[in-house]
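Participant: Residue numbers (my numbering): 10 to 261.
Using N, Cα and C, we set each Cβ at its ideal position, and we do this for glycine too.
No experiment lies behind these values; they were computed from the predicted model shown.
Structure provided below as structure tokens; questions to follow.
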Amino acid sequence: MAVSFHVRSSSYPSRQHPQAAHVDEQLTRLRSSETASSSSIRQRLSNLQDLHDSLEKMIRLSVTNHALSQDQIEKVLDGSIKILDLCNVAKDALSQMKEGLMEIQSILRRKRGDISAEVKKYLASRKFLKKSFQKVLKSLKTSQNKNNNDALAVFGEAETVTIALFETLFSFMSGSKACGKWSLVSKMMSQSKVTCETDANEFTRVDMEFQSEKSLQMEDVQNLESCIQDLEDGIGSLSKSLIKYRVSILNI
């Protein structure tokens, strides 16, 4: 659905506000992203940061202020809190996994210490995190906003694509052969096809190597650590944009 804030004048016809048009373009770009690879997820995190930066600018427009009721503002705030909670869950999980990988690499470099015990500890942590991710995925309930007010609809769509990204992220971090978890977006945005990423990702490869008890591929461990760092950076930047976004909503 296009955002329809309009500017009127006595000499020109009604037209879409430039900031609203920019948000429309960003939403379209995010809805068209379907693959679930580390690079695509990092790019979508960056795109989501840009989207919420744009929404923050739009929320400060007087036309937006007047278009939103108190009840609608509360709904937008509730949605932003839900997303910030997802950011925190993801950051905590990534930090825990990175810590385990760093300890394993330290033992391998020093060639002393119980590497088997650390690997088992890492795999036990992964098992616990996978269960946590499944609980989070089950709890993600986003219903289509039936409010015809376009000012509210755009924020609802932004929440939808953001939560869909976190569904993809948690599935990716679980190491599953996963669809990009864009079925929610597909259903709500009337898209007919979701592309799946079936190749093993960075998390899966390291899990398989640790579980097989064969010689560890340090390159794969380092690639996973680098992947985790990139995801942490992307989520951290998105969190900062979300906080700024919430401040602007609270100032209405």
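Could you pull the start and end residues of the alpha helix (DSSP H) that Ala209 belongs to?
Facilitator: Note, Ala209: premise wrong, no alpha helix (DSSP H); not H, not E.
Participant: Using the beta-carbon count (16 or more within 10 Å), is Lys155 buried or exposed?
Facilitator: With a pLDDT of only 48 at Lys155, under 50, the local geometry of the prediction cannot be trusted, and the value read off the model is given with reservation. Exposed: under 16 other Cβ atoms inside 10 Å.
Participant: Write down the C-beta distance between Ile82 and Ile258 rounded to the nearest angstrom, noting that I regard them as a contact closer than 8 Å.
Facilitator: The Cβ separation is near 6 Å, so the contact holds.
Participant: Quick check on the DSSP output: the alpha helix (DSSP H) that includes Asp123 runs from which residue to which?
Facilitator: Where Asp123 is concerned, there is no enclosing alpha helix (DSSP H), given that its DSSP letter is neither H nor E.
Participant: In the structure shown, what three-state DSSP assignment does Ala76 receive?
Facilitator: Of the three classes helix, strand and coil, the one that applies to Ala76 here is helix, per DSSP.
Participant: DSSP state of Asn260, grouped into three classes?
Facilitator: In this structure, Asn260 counts as coil in the three-state DSSP scheme.
Participant: Which whole-angstrom value is the C-beta distance of Asn56 and Leu70, which I expect to be below 8 Å?
Facilitator: Contact doesn't hold; Cβ gap of about 22 Å is too wide.
Participant: Using the C-alpha atoms, what's the distance from Lys144 back to Glu211?
Facilitator: Cα to Cα, Glu211 sits roughly 22 Å from Lys144.
Participant: When the Cα of Asp94 is compared with those of Asp59, Arg121, Ser148, which residue comes out closest?
Facilitator: Of the listed residues, the one whose Cα sits closest to Asp94 is Ser148.
Participant: Suppose contacts are defined by Cβ-Cβ distances below 8 Å. Is Gln105 in contact with Ser141 by that definition?
Facilitator: Against a cut-off of 8 Å, the Cβ pair of Ser141 and Gln105 comes out as no contact.
Participant: On the CB-based measure, 16 or more other CB atoms within 10 Å of its CB, does Asp216 come out buried or exposed?
Facilitator: So Asp216 counts as buried.
Participant: Measuring straight from C-alpha to C-alpha, what distance separates Leu146 and Glu127?
Facilitator: Approximately 28 Å, taken between the alpha carbons.
Participant: So what does DSSP say about Arg69, is it helix, strand or coil?
Facilitator: Three-state result, Arg69: coil.
Participant: My assumption, with CB atoms under 8 Å, is that Val32 sits in contact with Leu64. Please give the rounded CB distance.
Facilitator: Sure, about 6 Å apart at Cβ, within 8 Å.
Participant: Considering only the alpha carbon of each residue, which of Asp242, Arg53, His61 lies closest to Ser89?
Facilitator: Per the Cα distances, His61.
Participant: Mark Ala209 as exposed unless 16 or more other C-beta atoms lie within 10 angstroms of its C-beta, in which case mark it buried.
Facilitator: Exposed is the call here.
Participant: Of the choices Asp123, Ile68, Ser47, whose alpha-carbon is the least far from that of Asn232?
Facilitator: Among Asp123, Ile68, Ser47, the Cα nearest to that of Asn232 is on Ser47.
Participant: Measure the beta-carbon distance from Tyr131 to Gly109 and round it to whole angstroms, keeping in mind my assumption that it falls under 8 Å.
Facilitator: Going by Cβ atoms, the distance from Tyr131 to Gly109 rounds to 4 Å, so yes, they are a contact pair.
Participant: By Cβ distance, which residues of its chain are closer than 6 Å to Glu168, with the 5 residues on each side in sequence left out?
Facilitator: Excluding residues within five positions, the ones whose Cβ falls inside 6 Å are Gly88.
Participant: Would DSSP call Gln143 helix, strand or coil?
Facilitator: Helix.
Participant: How should Cys248 be labelled, buried or exposed, when 16 other C-beta atoms within 10 angstroms of its C-beta is the threshold for buried?
Facilitator: What sits at residue 248 in the sequence shown is Ser, not Cys. Per the 10 Å Cβ criterion, buried.
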